[in-house]
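Residue numbers (UniProt numbering): 1 to 510.
Take a look at the structure set out below.
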């Protein structure tokens, strides 16, 4: 049965048949009772006939008492009729038993049908409850949809307002960038550089026998340096340095054309969509460290570009949950950020590093520059999302200046570095790819576009103030433990730099 209506119809049919069977049984019982009454009447009449026959036979002579008496015949007929009646009664009893069995079967089936109907009723009630719940949820969904529609309209309005504000901010930001990128006049450049010189003079006034050399004073004409909107003039500490650095060397640095490699506009355009990272001014983010210092205080080894810390976590790494950090060198990666929080690029992807960063990764970033005694010193830049970018086309390769001199002003001690970017990268290609050709041939392939420099995007997403403070504090502890003698090769912030003083010696404070 497919529905409760079919069950009810079937049950009514069964009940109808049962009623007919009961009525027929009652009729059979009545007929049996009538036959029994008729049998009793016949037996009574037979007894009367027998008694009457006995009376008659008792009054007649003995010779007349013969078996052919009419009473005997009547009795025989009655006996035969009684036998027939008994047979009919037995037949009726058998039929009654069969009918009773059939009634029992019908009752059993009726019980089963009733249970099935009850089960279906329960299912129907459950479905009705589910339907009611679904209708209730539908009403709630309609109400929620209506509320969401209103919220969506409000959100669309807010988004439009935010887009308008964003457009206005972008326009203002663009104006600020354009204003900041305008070429300064010679007078402005002279004033800016003169201000820097005054800061230097203030920092060394208390030191005996110190004055500015003519080479530094005459270098104002060559202070033409591009400054990014977020970059300011070098900040010189007022505390005296442990080691003297000659002003003649610093003046020589300023007298040379100082060139910080510029990232192409098409690549810088990506930076505009990146959120800015706010860095606490209280952090000593100008400190610089050697690879050995980083390995001793964070963990990992001193050699690879990507240092993955597995079982060598130091206290700082465990406390700050640092599992890796990145250490590119600025000499062959001139597009690396040189100010914490800035974005940039690095030229990574030769040989076994061909597929590195195809899947973006997140690392702490330390950018390194070769300092005195050819020791690499690294500055903490922040937490960076590192992902593969398009390789350099020939136009960008040709735009790179091969000989780059960088005034590394993001530490308290100025470090001068010169590097042959293109020749160095050609040599690195020969080493990493096991190319049998000489460096000049590889350089020629880069120059004509047969080879392209792989490029990786460095997007700053965070800055760990705690990491910067912890490393700086460790540097200070190292200095306190060795106040009279500085390490020969591994000063964790700025290695010892002793230079021959010029005719007009001076001291720059670190």
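Idealized CB from N, CA, C, for every residue including glycine.
- A check of alpha carbon separations from residue 98 across 25, 301, 425, 369 identifies 25 as the nearest.
- When the Cα atoms are used, residue 330 and residue 157 turn out to be separated by approximately 46 angstroms.
- Distance from residue 323 to residue 308 at the Cβ level is roughly 7 angstroms; contact confirmed, criterion being Cβ atoms closer than 8 angstroms.
- DSSP, reduced to helix, strand and coil, places residue 131 within a helical segment of the structure shown.
- Approximately 5 angstroms separates the beta-carbon atoms of residue 18 and residue 106; this is inside 8 angstroms, confirming the contact.
- Straight through space, the alpha carbons of residue 28 and residue 72 are spaced by roughly 33 angstroms.
- In this structure residue 341 is in contact with residue 279, their Cβ atoms being roughly 5 angstroms apart against a cut-off of 8 angstroms.
- In the DSSP assignment, residue 396 falls within the alpha helix (DSSP H) that extends over 394-399.
- Note on residue 429: 16 or more other CB atoms within 10 angstroms of its CB, so buried under the neighbour-count rule.
- Of the residues assessed, residue 52 falls on the exposed side of the cut-off, its CB having fewer than 16 other CB atoms within 10 angstroms.
- At the C-beta level, residue 80 and residue 35 stay beyond 8 angstroms of one another.
- Remark: C-beta atoms of residue 363 and residue 459 do not approach each other more closely than 8 angstroms.
- A distance below 8 angstroms between beta-carbons, with the five flanking residues on each side excluded, links residue 14 to the following residues of its chain, in chain order: 106, 109, 110, 113.
- DSSP places residue 361 in the strand class (E or B) of the three-state scheme.
- If you look at residue 453, you'll find it isn't in any alpha helix (DSSP H); DSSP assigns it neither H nor E.
- A residue is called buried once 16 or more other Cβ atoms fall within 10 Å of its Cβ, and residue 288 is buried on that count.
- Annotated three-state conformation of residue 305 is coil, per DSSP.
- Straight through space, the alpha carbons of residue 335 and residue 472 are spaced by roughly 26 angstroms.
- One alpha carbon belongs to residue 396, the other to residue 294, and they sit about 33 angstroms apart.
- About 7 angstroms separates the beta carbon of residue 366 from that of residue 326, a gap short enough to meet the 8 angstroms contact definition.
- The C-beta separation of residue 39 from residue 85 comes to about 5 angstroms, placing the pair in contact by the 8 angstroms criterion.
- Apart from sequence neighbours up to five positions away, the residues of its chain that approach residue 388 with a beta-carbon distance below 7 angstroms are 357, 358, 456, ordered along the chain.
- Under DSSP, residue 388 shares a beta bridge with 456.
- Only exposed fits residue 161, as fewer than 16 other CB atoms lie within 10 angstroms of its CB.
- Proximity to residue 475 across 297, 311, 42 peaks at 297, based on C-alpha coordinates.
- Ranked by Cα distance from residue 380, the first of 316, 102, 465 is 465.
- Of the residues assessed, residue 461 falls on the exposed side of the cut-off, its CB having fewer than 16 other CB atoms within 10 angstroms.
- The Cβ-Cβ distance between residue 391 and residue 454 falls below 8 angstroms.
- Shown here, residue 435 sits in coil according to DSSP, grouped into three states, outside any helix or strand.
- Counting the other CB atoms within 10 Å of its CB gives residue 360 a total below 16, which places it among the exposed residues.
- Here the alpha carbon of residue 117 sits roughly 27 angstroms from the alpha carbon of residue 23.
- Closest in C-alpha terms to residue 420, from the list 351, 332, 168, 5, comes 332.
- Residue burial is scored here from C-beta neighbours: residue 370 has at least 16 other C-beta atoms within 10 angstroms and is therefore classed as buried.
- For residue 115, the closest C-alpha among the options 431, 7, 398, 265 is that of 7.
- A Cβ-Cβ contact shorter than 8 angstroms links residue 305 with residue 328.
- By a beta-carbon distance limit of 8 angstroms, residue 277 contacts residue 463. Their separation comes to about 5 angstroms.
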